[in-house]
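Okay, structure first, notes after.
Protein chains: 2
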Amino acid sequence: MGDDGTVPPTPPVAADTPAVGGGPGWLRTVADEARALDRSSTAERVADVLRRRITEGDLPPGTRLSEEQLVAALRVSRNTLREAFRLLTHEGLLVHELHRGVFVPELDADALVDLYRLRRAVECDVLRSLEQVDPERLRPLHHDVAAARAASAREDWVAVGTANMRFHSHLVALAGSRRMDEVSARLLAELRLAFHAVASPRVLHEPYVERNAVLLGLLVEGRFGPAVEELEGYLRASESQLLEALRGRPPR
Amino acid sequence: MGDDGTVPPTPPVAADTPAVGGGPGWLRTVADEARALDRSSTAERVADVLRRRITEGDLPPGTRLSEEQLVAALRVSRNTLREAFRLLTHEGLLVHELHRGVFVPELDADALVDLYRLRRAVECDVLRSLEQVDPERLRPLHHDVAAARAASAREDWVAVGTANMRFHSHLVALAGSRRMDEVSARLLAELRLAFHAVASPRVLHEPYVERNAVLLGLLVEGRFGPAVEELEGYLRASESQLLEALRGRPPR
DNA sequence: GCATATTTGTCCGTATGTATA
DNA sequence: CTATACATACGGACAAATATG
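If you read the protein sequences in the order shown, they are chains A and B.
So the first sequence is numbered by the working numbering: it starts at 18 and just counts up by one.
So the second sequence is numbered by the working numbering: it starts at 18 and just counts up by one.
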């Protein structure tokens, strides 16, 4: 009953847990590493691992994350794992169903529209309320555009997508608002889930490299009005494209 | 060493836990009630209790919530309590400091500015993107204005504040966006924390009853442009007033 | 529809590390 | 610096709900 199709096989989540052997207890666990190296809690460290697995597509939408298996794979207690589940649930990267467990969410068309609704509100407001901007603060944006172009040249479309998303993170950061940064980060993380539903990452990311460059050019020139319009069109185009791709393959 | 001054005295959190007697185990606990009455988890029930205590001011900003005391008072396990902590942390009603515990956050001036920044972005965007609105959907707003006026007449300023906040919740709901509703709910919950820092709730809520009525009137007439301007001015006025009150009592 | 097996929800007790007096 | 209090993390256990045959 492992591969009946309803639930994809559980991926190797414990890949970065060195197979030291069978002896339990004394061996080096995720918890040990957290205490030894980091300033973060074990739960956050576990969440980091799962977050990467989810956003990189190793755990596709619809997957159920079994407590039992993950406890064994990550060598943490159930309580710690559940704490990590909570963190990711709050980020929108997991959904919790009572007495059924946690799942990687599947973004349907409605969710995507909802997501872009808030995304437009936040990102456009950031530009709209800019009155002047220190060129120094645009440096991260220049860097992201350069990175996207470089990745595009070597046809690394995943890297292009990452650079594009960084660009928009840095765009929101211009507002200097912690809460806007958090909302934006959550939206972009959720957006990645939708990306995995699209077959060709090229058509998904390539067109937006130069649009980001255009947008940045308008910001450099201080033409914030046109910048808002460009961004608005950018986001609507991106939304439409994703919606079309999503309808193209509704077969989960 | 309970009242050394650094930490406010722990309030009677267990007030709604009936003192059935000394016998442990068999007595009626929060967990039992949750299972017996509700469809929600114990953690959510605990979160409900704490949420009320916090928003009503029983647990003022700066208070540390001791795990040990709350476990004893609420008769739940540490795991369940920590789960409730996570829920409230996500709502912005608690902040977590590693190895130090959870605290009721204190909103300083910077946080307030940040909060209003995002609030303006969301609420104004809702109105800006309205093109027409079914009068039926404005009914909750009419109800909130009426409730605020009634409470104002009997000088129940806390009720006025509640009605005003409901008004803005329902305003955001016009967008029909789950994510916008969630963001807005979190912002308004945080805002309540700032309200407790102001001595007179009257000056805080009374002026906005009629401004909400004016705003609603513009919506009824379909004049969305002026409505956006009115809302913008409304929010800036509210922010300025709160900032002034906050600077007036920076103590602690 | 019913009985069984699996999985989650909750609780307990303990050990260890960290922050603070 | 030592001591204390507390949060973090672990593992085991049972109850409750779901899923399966």
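No residue lacks a Cβ here, since even glycine has one placed at the ideal position from N, Cα and C.
Which residue's Cα is closest to the Cα of residue i: the options?
i	options	result
A192 of chain B	A:E148, A:L210, A:L135 and A:R203	A:L135
E261 of chain B	B:R95, B:A126, B:L67 and B:G178	B:A126
F184 of chain A	A:S255, A:A164 and A:V237	A:A164
L155 of chain A	A:F102, A:L147 and A:L188	A:L188
D209 of chain B	B:E73, B:L82, B:E61 and B:F120	The question names Asp, but residue 209 of chain B is Arg in the sequence shown. Closest by alpha carbon: B:E73.
F212 of chain B	B:G250, B:V162, B:V175 and B:A168	B:V175
L147 of chain A	A:V66, A:R166, A:A190 and A:G265	A:A190
A92 of chain A	A:L104, A:I71 and A:A60	Note on identity: in this sequence residue 92 of chain A is Arg, with Ala being the wrong assignment. Here the closest residue by C-alpha is A:A60.
E140 of chain B	B:L263, B:P77, B:H222 and B:M182	B:M182
H160 of chain A	A:G250, A:V121, A:V226 and A:L82	A:V226
T106 of chain A	A:E223, A:A206 and A:A170	A:A206
H116 of chain A	A:L132, A:L144, A:S83 and A:G109	A:S83
L233 of chain B	B:R253, B:V162 and B:F120	B:V162
L263 of chain A	A:S217, A:R99, A:E249 and A:L111	A:S217
S255 of chain B	B:G109, B:E199 and B:L129	B:L129
V272 of chain A	A:L221, A:E246, A:S186 and A:R171	One cannot answer for residue 272 of chain A here, as it falls past the ends of chain A, which runs 18 to 269.
M197 of chain B	B:V143, B:V215 and B:P78	B:V143
D65 of chain B	B:E108, B:R81, B:P224 and B:Y251	B:E108
E249 of chain B	B:E223, B:R145, B:L204 and B:R70	B:R145
R219 of chain A	A:D173, A:E199, A:N229 and A:R99	A:D173
V215 of chain B	B:E123, B:L158 and B:P243	B:E123
R203 of chain A	A:L132, A:Q149 and A:S194	A:L132
Just verifying my parser: in three-state terms, what is the DSSP assignment at residue i?
i	result
L82 of chain B	strand
H213 of chain B	coil
H160 of chain B	helix
H116 of chain A	coil
G250 of chain A	helix
L259 of chain B	helix
G265 of chain A	helix
L76 of chain A	coil
R70 of chain A	helix
P11 of chain B	Residue 11 of chain B lies beyond the residue range present for chain B, which begins at 18 and ends at 269; the question has no answer from this structure.
G38 of chain B	Its pLDDT being 27, under 50, G38 of chain B is placed unreliably by the model, and the measurement read from it follows with that caveat. Three-state result, G38 of chain B: coil.
S58 of chain A	coil
D142 of chain B	helix
D173 of chain A	coil
R289 of chain A	This structure leaves residue 289 of chain A out entirely; chain A is present only between 18 and 269.
H240 of chain A	The question names His, yet the displayed sequence has Arg at residue 240 of chain A. In this structure, R240 of chain A counts as coil in the three-state DSSP scheme.
A51 of chain A	Only weak support is given to the placement of A51 of chain A: the predicted model assigns it a pLDDT of 42, under 50, and the question is left unresolved by the model.
D125 of chain A	coil
L205 of chain A	helix
L132 of chain B	helix
So residue i contacts chain A; which residues on that side make the cut at Cβ distance below 7 Å?
i	result
N96 of chain B	N96
L115 of chain B	S58
Between which two residues does the alpha helix (DSSP H) carrying residue i extend?
i	result
G234 of chain A	P218 to V237
E100 of chain A	R95 to E108
R92 of chain B	Note, R92 of chain B: premise wrong, no alpha helix (DSSP H); not H, not E.
G193 of chain A	G193 of chain A -> no alpha helix (DSSP H), and no H or E assigned at all.
V121 of chain A	Neither: V121 of chain A is in no alpha helix (DSSP H) and is coded neither H nor E.
Using a C-beta to C-beta distance shorter than 9 Å, which residues of chain B count as neighbours of residue i?
i	result
M197 of chain A	D131, R134, L135 and A138
A262 of chain A	Here the premise fails: no neighbours, minimum Cβ distance about 21 Å.
Could you list which residues in chain A have their beta carbon closer than 8 Å to that of residue i, in chain order?
i	result
V200 of chain B	L135 and V200
R103 of chain B	E100, R103, L104 and H107
Are there any heavy atoms of the ligand ZN lying less than 6 Å away from the beta-carbon of residue i, as far as the coordinates show?
i	result
H107 of chain B	Of the ligands one can find in the structure shown there are none, so the ligand ZN has no counterpart to examine.
Report the neighbours of residue i on chain A: residues whose CB is nearer than 9 Å to its CB, in chain order.
i	result
D142 of chain B	R134, L135, R137, A138, V139, C141 and D142
S186 of chain B	In chain order: nothing, as chain A lies at least about 16 Å away.
Below 8 Å on C-beta distance, what does residue i contact in chain B?
i	result
R62 of chain A	Result: empty, since nearest Cβ-Cβ is about 12 Å, beyond 8 Å.
Applying a beta-carbon distance threshold of less than 7 Å, which residues of chain B neighbour residue i?
i	result
H107 of chain A	H107
S194 of chain A	D131, R134 and L135
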